[in-house]
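Asks: Chains as they are written, first to last, in the UniProt record's numbering: chain A, 1 to 393; chain B, 1 to 618.
Glycine included, C-beta positions come from ideal geometry on N, C-alpha and C.
Since this is a predicted model, take the numbers as computed values, not measurements.
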Amino acid sequence: MKLRWTMELYATGANQSLQLHFGKQAEIYQGDADDLWEFTCVFRHRDIHTIRSFDSHTIVYQKRNNRFIAKAGRAPRGHNALRFVDENIYRTFAEANNGHVAVYNSETATITEYATIRDLLRDLGFHYKPKHVLWEDELVKEERPKDCRPSRKEQFACDYEHYHAYHEVIPRPTLVLKVSYTGFPDIVQLLAHSTGFAALSSTGEVYTWGDERFVGCLGREVSDECPAQDPSPVPLLSQLPTGPVRHLSISPTSSLLACLTAGNDLYIWGDPRQLPPSLRTLFRADDDWHDYNDGPVPVVITDTDGNEVDCIVDVAVGTEHIIALTDQGEVYVIGQNCYGQLGLGEEIKWVTKWEKVPLSLDDGGGGTKKEIKAVAAGPWASFLIVGKEKKRM
Amino acid sequence: MSQAMTTTSRSKFIGLCLSAVQQIIQECTYIADDEPTFSSSSPSPHQNAGSPKPPSNVQNLGSIRLCGLEGCQEPLVELLCRQASRILQLYESGSGDAGPSNNANLQSGEEHEKAISLVKRRLELLTKTAYGKFYAYMYKEVPTCWRQLYTDAAILRFAVLVLLEFDFEADAGSKEDADEKERRMKRKMIVDEMVKTLDLSLILAGAAGQSRGRKWVDEAFALLEDVLGDMTAVTPAASGGAKTGDDDEQEGERPQKKRRISSSSSTKDEAIKGINDSWQNAPSFSTVEPFTPPVKNPISRISAESLSLEAFQSHFAKPRPDGNPGPAPLIITGLVDHWPALTTHPWNKPDYLSSRTLSGRRLVPVEIGRSYVDEGWGQKIISFGEFLSKYIDASIPYTPSSSNVSPFHSSSSSAQPQPSSSDLLPEKDNTQIAYLAQHPLFLQLPRLRQDILIPDLCYTAPPSHPTDPSQDQPELDSPQLNAWFGPPGTITPLHTDPYHNLLVQVVGRKYVRLYGPEQTVRMRPRGKEGGVEMGNTSQVDVGVVEGWDKLEGEDEERVNSGDEGGRENSEMGWEEDFKKVPFVDCILEPGDTLYIPIGWWHYVRGLSVSFSVSFWWN
Numbered sequence: 001m002k003l004r005w006t007m008e009l010y011a012t013g014a015n016q017s018l019q020l021h022f023g024k025q026a027e028i029y030q031g032d033a034d035d036l037w038e039f040t041c042v043f044r045h046r047d048i049h050t051i052r053s054f055d056s057h058t059i060v061y062q063k064r065n066n067r068f069i070a071k072a073g074r075a076p077r078g079h080n081a082l083r084f085v086d087e088n089i090y091r092t093f094a095e096a097n098n099g100h101v102a103v104y105n106s107e108t109a110t111i112t113e114y115a116t117i118r119d120l121l122r123d124l125g126f127h128y129k130p131k132h133v134l135w136e137d138e139l140v141k142e143e144r145p146k147d148c149r150p151s152r153k154e155q156f157a158c159d160y161e162h163y164h165a166y167h168e169v170i171p172r173p174t175l176v177l178k179v180s181y182t183g184f185p186d187i188v189q190l191l192a193h194s195t196g197f198a199a200l201s202s203t204g205e206v207y208t209w210g211d212e213r214f215v216g217c218l219g220r221e222v223s224d225e226c227p228a229q230d231p232s233p234v235p236l237l238s239q240l241p242t243g244p245v246r247h248l249s250i251s252p253t254s255s256l257l258a259c260l261t262a263g264n265d266l267y268i269w270g271d272p273r274q275l276p277p278s279l280r281t282l283f284r285a286d287d288d289w290h291d292y293n294d295g296p297v298p299v300v301i302t303d304t305d306g307n308e309v310d311c312i313v314d315v316a317v318g319t320e321h322i323i324a325l326t327d328q329g330e331v332y333v334i335g336q337n338c339y340g341q342l343g344l345g346e347e348i349k350w351v352t353k354w355e356k357v358p359l360s361l362d363d364g365g366g367g368t369k370k371e372i373k374a375v376a377a378g379p380w381a382s383f384l385i386v387g388k389e390k391k392r393m
Numbered sequence: 001m002s003q004a005m006t007t008t009s010r011s012k013f014i015g016l017c018l019s020a021v022q023q024i025i026q027e028c029t030y031i032a033d034d035e036p037t038f039s040s041s042s043p044s045p046h047q048n049a050g051s052p053k054p055p056s057n058v059q060n061l062g063s064i065r066l067c068g069l070e071g072c073q074e075p076l077v078e079l080l081c082r083q084a085s086r087i088l089q090l091y092e093s094g095s096g097d098a099g100p101s102n103n104a105n106l107q108s109g110e111e112h113e114k115a116i117s118l119v120k121r122r123l124e125l126l127t128k129t130a131y132g133k134f135y136a137y138m139y140k141e142v143p144t145c146w147r148q149l150y151t152d153a154a155i156l157r158f159a160v161l162v163l164l165e166f167d168f169e170a171d172a173g174s175k176e177d178a179d180e181k182e183r184r185m186k187r188k189m190i191v192d193e194m195v196k197t198l199d200l201s202l203i204l205a206g207a208a209g210q211s212r213g214r215k216w217v218d219e220a221f222a223l224l225e226d227v228l229g230d231m232t233a234v235t236p237a238a239s240g241g242a243k244t245g246d247d248d249e250q251e252g253e254r255p256q257k258k259r260r261i262s263s264s265s266s267t268k269d270e271a272i273k274g275i276n277d278s279w280q281n282a283p284s285f286s287t288v289e290p291f292t293p294p295v296k297n298p299i300s301r302i303s304a305e306s307l308s309l310e311a312f313q314s315h316f317a318k319p320r321p322d323g324n325p326g327p328a329p330l331i332i333t334g335l336v337d338h339w340p341a342l343t344t345h346p347w348n349k350p351d352y353l354s355s356r357t358l359s360g361r362r363l364v365p366v367e368i369g370r371s372y373v374d375e376g377w378g379q380k381i382i383s384f385g386e387f388l389s390k391y392i393d394a395s396i397p398y399t400p401s402s403s404n405v406s407p408f409h410s411s412s413s414s415a416q417p418q419p420s421s422s423d424l425l426p427e428k429d430n431t432q433i434a435y436l437a438q439h440p441l442f443l444q445l446p447r448l449r450q451d452i453l454i455p456d457l458c459y460t461a462p463p464s465h466p467t468d469p470s471q472d473q474p475e476l477d478s479p480q481l482n483a484w485f486g487p488p489g490t491i492t493p494l495h496t497d498p499y500h501n502l503l504v505q506v507v508g509r510k511y512v513r514l515y516g517p518e519q520t521v522r523m524r525p526r527g528k529e530g531g532v533e534m535g536n537t538s539q540v541d542v543g544v545v546e547g548w549d550k551l552e553g554e555d556e557e558r559v560n561s562g563d564e565g566g567r568e569n570s571e572m573g574w575e576e577d578f579k580k581v582p583f584v585d586c587i588l589e590p591g592d593t594l595y596i597p598i599g600w601w602h603y604v605r606g607l608s609v610s611f612s613v614s615f616w617w618n
């Protein structure tokens, strides 16, 4: 008997730009489509391998040749342009919430960071022209006032409640347009968190860099030798009991970073100040997350009976939630459910303890057996990549 | 008469919201891509080179800036636009006759409710997305478009509340049955939500936007006040007397001041005159001072009458007694005696401040904790009423309505309370000090701004920084105003500002100590802390050095100020050295104005309930 795998994509969460709808979009568009509150099959294909879910669109790649197979929702102009210019770069580029963009070139062993996606396009020789000339004028007109010291209030603006006195703010494009870091020959993952990036090498070394104000996201000390803005290794992640890091999961809109070790242990680090209370407890069980240490901490998932769940084979991070897959094929979630991203139904607003998602993927009878291959997350959505074992007569 | 007025302010209110909704649709449609909405493929937007002309009606809008949102990603602009269209559609279908007949599917109340909650959820998503950008970027680099997106989403949310949810007729029936009570409660909740929505856009996003923005928000607040005032005004007296329950609607302000005849300033004075007398009998803030530090080297005082503009200008050039460069600090008395804030609109009366903040409903950002360099210090957004009663004077009554203010709008339909970012502060005890500090309160509450005047002295040309030219800032267009309002014991640690400062004491007393700019090295400036430059703040806690304050907790874990850190311990004797640094000090009385020249290190300590206004200029 020959086995053939068919794959399905299940999704739940925010659907404000129809990014969970892979069908003919114009037809169902009436006002706004509602969010999905439970995992729902949204797409089927022979081969589904990678999901890239952005603010308002989702892209599906297959394993074979990493080929693009489907897109749902609306992509911003910069994304459309980059996809057109270089599909390969688009598949792997990382874009942080502060607009910074990073790409990796394995031939030159170089990570290059750009201030914006426009700078990346420009570097690729593509003049990304904004649609409306007025905007361009405005950009040109922006002045660069001399370096002024932030007021005391501003210095704390990144702490605690983030309110700002904006009336005094002048736009100040001080960013370097492009910075390159060489000497990274074997990067296998390059991902963005809200204020910076993290990269994983094939040997399990994790490098982090980004905004020093959110040092928790770096998971390491900041010093003259290892400044915040340069990719530097996270020492605590190179000597974990269950082996080197094999997988990173980070959301460009979140301040929580997660990784899995070779032995399938889950570690997280980040800046709890930027997280909803439902996720802060991950950093400190006793709720006193104010004393969080700036290093990765192990995360233990317990089932309803209080037993420890071993072997987390995949994990994905959204803006305010995490989804994890165990080797038993069970899906656990934690965090906010305001748009259905946990797939627990509309009544649940959030969960502060890991909750197993009740799933019924098998479509009754027929002898088909389904297996969750991987999980993925968008900012406000979760995905399951499901393999279907079909007996061929 | 009042009926007519009610209709006018109400229709103005509704008109304001409708016009904002329409404006947003117009602007967003222009920005939105011409790629057909939701086409699922073809990643080649750049190929259609021809950019669309602005819609013809846009030309008529003249000065309207079309591009405020253009830095935001197009799908988000479209999303905003769709919500605006949806609100219009729901408003039209809800108001019956005006709606097109094809909205039959929306007629059922449940569908209508569901549609409204979806719009709100979408607007919340926009708000969250924009809010995420606020801290992802460096403070000065947050692109304006994100602040406008936040503001426009807030404006739309406000429009949802006004156009689709607020029951303008709630007071028409004078029956005091359970139904009526529930309606009142609901209306009160909606009003609180309206205030929260707009105040957060002012506080968090600076109400950015050319065609709406702060101007729109200010107008909306003014009209909201009118509408609320009118609604209580038309309540029959009989029913007013029957109102005794404490959960009852505390709708407007007290009767004598609830009616703002018009928002135009010409008639305002009349309205104000009528209420002057009432303030005299209203209770004032307590003047109790738990601790009064001694003044050792008093700053010289001069009466405003004997200080002409020219005399003040020449003071800048006058050498300091100790021969160091730059002008000396100076206390000017009687400079602000004529301010309404000290006379007809007394800021020392809680009732008056309450009346200027929609009965204490308006939200303000406050700092929680003794001093901003302390461990556990944080910032919080609370209602002015809560601030007054919880932190300033416990005798001021306040019934918390929406105690948990989150930067996000919690969905009103949710049964569970939303966890919010205001949980960020550990509520260790309720004896914490809260300080409304360095907040541009007068931009947020223009009506309080009318109670003060910019002193003429700010129109002088002061010298630049005496020792460090890098401190000098680009010239300000107009003086920068900040409010400093707090209970006894607030502390602003020793620091310098890059501007000249007139610190006007309006209510209560404050102790101020000043060290000259030439002493900067001995002030033990901080370095970079947590990625932010703290060089303008000293490591020294003056209160601790002087023995006025004890460090919280004796154990090493609860170190309160940087001067106790391990590094500093190795440099014994700095404290003795610091004590030898010459300084001047003073206690500011109500009506006093302290001139703090640029670069002077100052330590400020509230002695009683204290309200000051600072004017920065250069």
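Determine the DSSP secondary structure at T129(B), reduced to helix, strand or coil.
Replies: Position 129 of the second sequence, counting from 1, holds the residue named residue 129(B). Three-state DSSP puts T129(B) in a helix.
Asks: In the structure shown, what three-state DSSP assignment does Y150(B) receive?
Replies: Within the second sequence, the letter at position 150 stands for residue 150(B). In the structure shown, Y150(B) sits in a helix (DSSP, three-state: H, G or I).
Asks: If you measure from the beta carbon of G109(B) to each beta carbon in chain A, is any gap under 7 Å?
Replies: Your numbering for residue 109(B) matches position 109 in the second sequence. Chain A contact via Cβ: absent.
Asks: Quick check: what's the CA-CA separation for R44(A) versus T6(A)?
Replies: Counted from its first residue, the first sequence places residue 44(A) at position 44. Counted from its first residue, the first sequence places residue 6(A) at position 6. Spanning the two alpha carbons is a distance of roughly 8 Å.
Asks: Kindly provide the ranges of any beta strand (DSSP E) runs that are 3 or more residues long and lie completely inside the stretch 338-393 of chain B, ordered along the chain.
Replies: Correct list: 363-368, 378-383.
Asks: Using 7 Å as the threshold, is the C-beta distance between W209(A) and G219(A) below it?
Replies: Here residue 209(A) refers to the residue found at position 209 of the first sequence. Here residue 219(A) refers to the residue found at position 219 of the first sequence. Result no, Cβ atoms of W209(A) and G219(A) do not sit closer than 7 Å.
Asks: Compare the beta carbon distance of Y339(A) and D55(A) with 7 Å and say whether it is the shorter of the two.
Replies: Along the first sequence, one-based indexing puts residue 339(A) at 339. Along the first sequence, one-based indexing puts residue 55(A) at 55. Cβ atoms of Y339(A) and D55(A): not closer than 7 Å.
Asks: For E95(A), tell me which candidate among R64(A), P227(A), P298(A), A199(A) has the shortest Cα-Cα distance.
Replies: Indexing the first sequence from 1 puts residue 95(A) at position 95. Of R64(A), P227(A), P298(A), A199(A), the residue nearest in Cα terms is A199(A).
Asks: Given this structure, state the Cα-to-Cα distance separating R8(B) from R356(B), to the nearest angstrom.
Replies: Position 8 of the second sequence, counted from the start, is the residue given in the question as residue 8(B). Position 356 of the second sequence, counted from the start, is the residue given in the question as residue 356(B). One point to set straight first is that residue 8(B) is Thr, not Arg, in the sequence displayed. Cα-Cα distance, rounded: 22 Å.
Asks: Is the beta carbon of W37(A) less than 7 Å from the beta carbon of G345(A)?
Replies: The residue labelled residue 37(A) in the question sits at position 37 within the first sequence. The residue labelled residue 345(A) in the question sits at position 345 within the first sequence. Yes.
Asks: Just the chain B side, please: which residues come within less than 7 Å of V215(A) by C-beta, in chain order?
Replies: Taking the first residue of the first sequence as position 1, residue 215(A) is located at position 215. The answer, in chain order, is G530, G531.
Asks: Do W380(A) and A14(A) have their C-beta atoms within less than 7 Å of each other?
Replies: To locate residue 380(A), count along the first sequence from 1; it is residue 380. To locate residue 14(A), count along the first sequence from 1; it is residue 14. Cβ atoms of W380(A) and A14(A): closer than 7 Å.
Asks: Assuming E355(A) is part of the beta strand (DSSP E), what are its boundary residues?
Replies: If you number the first sequence from 1, residue 355(A) lands on position 355. From DSSP, the beta strand (DSSP E) with E355(A) extends over 350-356.
Asks: Can you pull the chain B residues whose beta carbon is under 9 Å from the beta carbon of E212(A), in chain order?
Replies: As a first step, residue 212(A) must be located in the first sequence, where it is residue number 212. Neighbours of E212(A) on chain B, chain order: K528, G530, G531, V532.
Asks: Does the stretch 516-523 of chain B come into contact with the stretch 597-610 of chain B, if we say contact requires no fewer than three beta-carbon pairs (one atom in each stretch) closer than 8 Å?
Replies: yes
Asks: Return the Cβ separation of S254(A) and P75(B) in integer angstroms, given the expectation that the two are a contact with Cβ distance under 8 Å.
Replies: Here residue 254(A) refers to the residue found at position 254 when the first sequence is read from its first residue. Here residue 75(B) refers to the residue found at position 75 when the second sequence is read from its first residue. Between the beta-carbon of S254(A) and that of P75(B) there is about 19 Å, and that puts the pair past the 8 Å contact cut.
Asks: For D224(A) and D230(A), what's the separation of their Cα atoms in angstroms?
Replies: Position 224 of the first sequence, counted from the first residue, corresponds to residue 224(A). Position 230 of the first sequence, counted from the first residue, corresponds to residue 230(A). Using only the alpha carbons, I get a separation of about 10 Å.
Asks: Check whether the Cβ atoms of A304(B) and I332(B) lie closer than 7 Å to each other.
Replies: Residue numbering aside, residue 304(B) sits at position 304 when the second sequence is read from its first letter. Residue numbering aside, residue 332(B) sits at position 332 when the second sequence is read from its first letter. It is a contact, given that the beta carbons lie within the stated cut-off.
Asks: Check whether the Cβ atoms of T242(A) and G263(A) sit closer than 7 Å, and answer yes or no.
Replies: As a first step, residue 242(A) is located in the first sequence; it is residue number 242 there, counting from the start. As a first step, residue 263(A) is located in the first sequence; it is residue number 263 there, counting from the start. Contact flag set, yes.
Asks: At a CB-CB cut-off below 8 Å, which residues of chain A make contact with G323(B)?
Replies: Stepping through the second sequence from its first residue, residue 323(B) is reached at position 323. Residues of chain A passing the Cβ test: none, with the nearest at roughly 28 Å.
Asks: What is the DSSP secondary structure of D314(A), reduced to helix, strand or coil?
Replies: Locating residue 314(A) in the first sequence gives position 314, where the first residue counts as 1. Residue state for D314(A) is assigned as strand, using DSSP reduced to three classes.
Asks: So, at 6 Å on beta carbons, what are the nonlocal neighbours of F316(B) in its own chain, with the 5 sequence-adjacent residues on each side left out?
Replies: Here residue 316(B) is taken as the residue at index 316 of the second sequence, counted from 1. So the list reads P327, P462, P463, once near-sequence residues are dropped.
Asks: How many Å lie between A33(A) and Q341(A) at the Cα?
Replies: One-based indexing of the first sequence puts residue 33(A) at position 33. One-based indexing of the first sequence puts residue 341(A) at position 341. Here the alpha carbons of Q341(A) and A33(A) stand approximately 15 Å from one another.
Asks: Taking Cβ positions only, does P525(B) come closer than 7 Å to chain A?
Replies: The sequence position of residue 525(B) within the second sequence is 525, counting from 1. For P525(B), the answer is no, since every Cβ of chain A falls outside 7 Å of its Cβ.
Asks: Quick one, which residues of the UniProt repeat "RCC1" (329-388) of chain A are near chain B if we go by CB-CB under 9 Å, in chain order?
Replies: Residues passing the 9 Å Cβ filter: Q336, C338, Y339, E347, I348, K349, W350, T352, P379, W380.
Asks: The beta strand (DSSP E) that contains E180(B), what's its start and end?
Replies: Walking along the second sequence from the start, residue 180(B) turns up at place 180. Segment 178-205 is the alpha helix (DSSP H) holding E180(B); no beta strand (DSSP E) there.
Asks: What residues in its chain sit with their C-beta under 6 Å from that of I299(B), if we drop five residues either side in the sequence?
Replies: Here residue 299(B) is taken as the residue at index 299 of the second sequence, counted from 1. Within the same chain, I299(B) has close Cβ partners P329, I331, V584, C586.
Asks: Examine chain B for any beta-carbon lying closer than 7 Å to the beta-carbon of T40(A), and answer yes or no.
Replies: As a position in the first sequence, residue 40(A) is number 40, starting the count at 1. Closer than 7 Å: no.
Asks: Cutting at 6 Å between CB atoms, please list the residues of its own chain near G543(B), excluding the five before and the five after it.
Replies: As a working mapping, residue 543(B) is identified with position 543 in the second sequence. The residues are D549.
Asks: Taking 7 Å as the threshold (beta carbon to beta carbon), is Q16(A) in contact with chain B?
Replies: Counting from 1 along the first sequence, the entry for residue 16(A) is found at position 16. Closer than 7 Å to some Cβ of chain B, the Cβ of Q16(A) qualifies, so yes.
Asks: Give me the Cα-Cα distance between S395(B) and E386(B), rounded to the nearest whole angstrom.
Replies: By one-based count along the second sequence, residue 395(B) stands at place 395. By one-based count along the second sequence, residue 386(B) stands at place 386. Their backbone Cα atoms lie some 12 Å apart in a straight line.
Asks: Buried or exposed: where does K71(A) fall if 16 or more other Cβ atoms within 10 Å of its Cβ makes it buried?
Replies: Counting from 1 along the first sequence, the entry for residue 71(A) is found at position 71. By the 10 Å Cβ count, K71(A) comes out buried.
Asks: How big is the Cα-Cα spacing for E111(B) and S117(B)?
Replies: Numbered from its first residue, the second sequence carries residue 111(B) at position 111. Numbered from its first residue, the second sequence carries residue 117(B) at position 117. Cα-Cα distance, rounded: 10 Å.
Asks: Please list the residues of the stretch 34-62 of chain A that have a C-beta atom closer than 8 Å to any C-beta atom in chain B, keeping them in chain order.
Replies: Answer in chain order: D34, D35, D55, S56, H57.
Asks: Would you call V507(B) buried or exposed, if buried means 16 or more other Cβ atoms sit within 10 Å of its Cβ?
Replies: By 1-based counting over the second sequence, the position of residue 507(B) is 507. Under this definition V507(B) is a buried residue.
Asks: Considering D123(A), what are the terminal residues of the alpha helix (DSSP H) in which it resides?
Replies: The residue you call residue 123(A) lines up with position 123 of the first sequence. It spans 117-123 - the alpha helix (DSSP H) in which D123(A) sits, taken as one unbroken run.
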